[in-house]
Amino acid sequence: GAVVSQHPSWVICKSGTSVKIECRSLDFQATTMFWYRQFPKQSLMLMATSNEGSKATYEQGVEKDKFLINHASLTLSTLTVTSAHPEDSSFYICSAREPSQATDTQYFGPGTRLTVL
Amino acid sequence: GNSVTQMEGPVTLSEEAFLTINCTYTATGYPSLFWYVQYPGEGLQLLLKATKADDKGSNKGFEATYRKETTSFHLEKGSVQVSDSAVYFCALSPGGYQKVTFGTGTKLQVIP
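Sequence lines, in order, name chains A and B. Just remember that our numbering sits 454 ahead of the position in the first sequence, which is counted from 1. Just remember that our numbering sits 13 ahead of the position in the second sequence, which is counted from 1.
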């Protein structure tokens, strides 16, 4: 099946620093990738839709200047959390749409645990 | 708008028990339906899917049938194992590159 990787799997940073998370589709090209945030014991919250070669589409209430998304190639999207604060601590998950399938199936990365001190 | 409603957990079962996790949805048109599983500390894995009414998705002993008349997609397994302990998410995709809607997740705990 389609494989999506994320790096790093966990990161601890100091308040005020920026953190970059990578999402890669390993065996397919993804024109569209998605970034989710998941709080403990809760469902996924879609943050933004990342489109290759164009600006990301952010969901209502998500600060685009704080969560920078770049989708520079068909296999890589990055999420940069700028000037991170403890409230940004969360589990961030990306997914990619596998375009060869007729159905709108998303494949998820393993997630990145961000802890901001 | 679209919505997915799942039964609240946690669901605790003994090993080899029968599992049902209810999922109902609200959507216009003919969405595709999915079940994803999330093991502790991991991302989501696609468990099964169905793309049209009366389709049955199946994988690893799990099954779910797309019931348009009842707008449901209940997840079932005849005999659960301890290794099935995880959080299960029901989801729908309206297609046309619209965003996927997830349910709140149901935690399953299987005890030996």
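Here a beta-carbon is modelled for each residue, glycine too, at the ideal position from N, C-alpha and C.
Separation of G91(B) from F75(B), as counted between CA atoms: Stepping through the second sequence from its first residue, residue 75(B) is reached at position 62. Stepping through the second sequence from its first residue, residue 91(B) is reached at position 78. If I take the Cα positions, the gap works out to 8 Å.
Local conformation of S96(B) per DSSP, three classes: Within the second sequence, the letter at position 83 stands for residue 96(B). Note: S96(B) maps to helix in three-state DSSP.
CA-to-CA distance, A30(B) to Q122(B), given in whole angstroms: Counting from 1 along the second sequence, the entry for residue 122(B) is found at position 109. Counting from 1 along the second sequence, the entry for residue 30(B) is found at position 17. Rounded to the nearest angstrom, the two C-alpha atoms are 11 Å apart.
Closer than 7 Å to chain A by CB, F115(B): As a first step, residue 115(B) is located in the second sequence; it is residue number 102 there, counting from the start. For F115(B), the nearest beta carbon of chain A is closer than 7 Å to its own beta carbon.
Test: G565(A) CB closer than 7 Å to a CB of chain B: On the first sequence, residue 565(A) is found 111 positions in, with the first residue counted as 1. At least one CB atom of chain B sits nearer than 7 Å to the CB of G565(A).
Beta-carbon proximity check, G118(B) vs S497(A), cutoff 7 Å: Position 105 of the second sequence, counted from the first residue, corresponds to residue 118(B). Position 43 of the first sequence, counted from the first residue, corresponds to residue 497(A). Closer than 7 Å, so yes.
For E76(B), three-class secondary structure by DSSP: Along the second sequence, one-based indexing puts residue 76(B) at 63. The answer is strand: DSSP assigns E76(B) an E or B state.
Contact set for Y512(A): own chain, Cβ-Cβ below 6 Å, skip 5 residues either direction: Counted from its first residue, the first sequence places residue 512(A) at position 58. For Y512(A), where only same-chain residues beyond five positions count, the Cβ hits under 6 Å are A502 and K518.
Of the residues S45(B), L26(B), T84(B) and S85(B), the one placed nearest A99(B), counting alpha carbons only: As a position in the second sequence, residue 99(B) is number 86, starting the count at 1. When each option's Cα is compared against that of A99(B), the closest is L26(B).
Per DSSP, the bridge partner or partners of N524(A): Sequence index remark: in the first sequence, residue 524(A) carries index 70 (1-based). Its beta-bridge partners are T532(A).
Minimum C-alpha distance to N524(A) - residue among K474(A), P462(A), V458(A) and S543(A): For the purposes of this step, residue 524(A) is taken as the residue at position 70 of the first sequence. Distances from the alpha-carbon of N524(A) to those of K474(A), P462(A), V458(A) and S543(A) put K474(A) closest.
Three-state secondary structure assigned by DSSP to E541(A): Taking the first residue of the first sequence as 1, we reach residue 541(A) at position 87. Here E541(A) sits in helix by DSSP.
Local conformation of A502(A) per DSSP, three classes: Here residue 502(A) corresponds to residue number 48 of the first sequence, with the count starting at 1. In the structure shown, A502(A) sits in a strand (DSSP, three-state: E or B).
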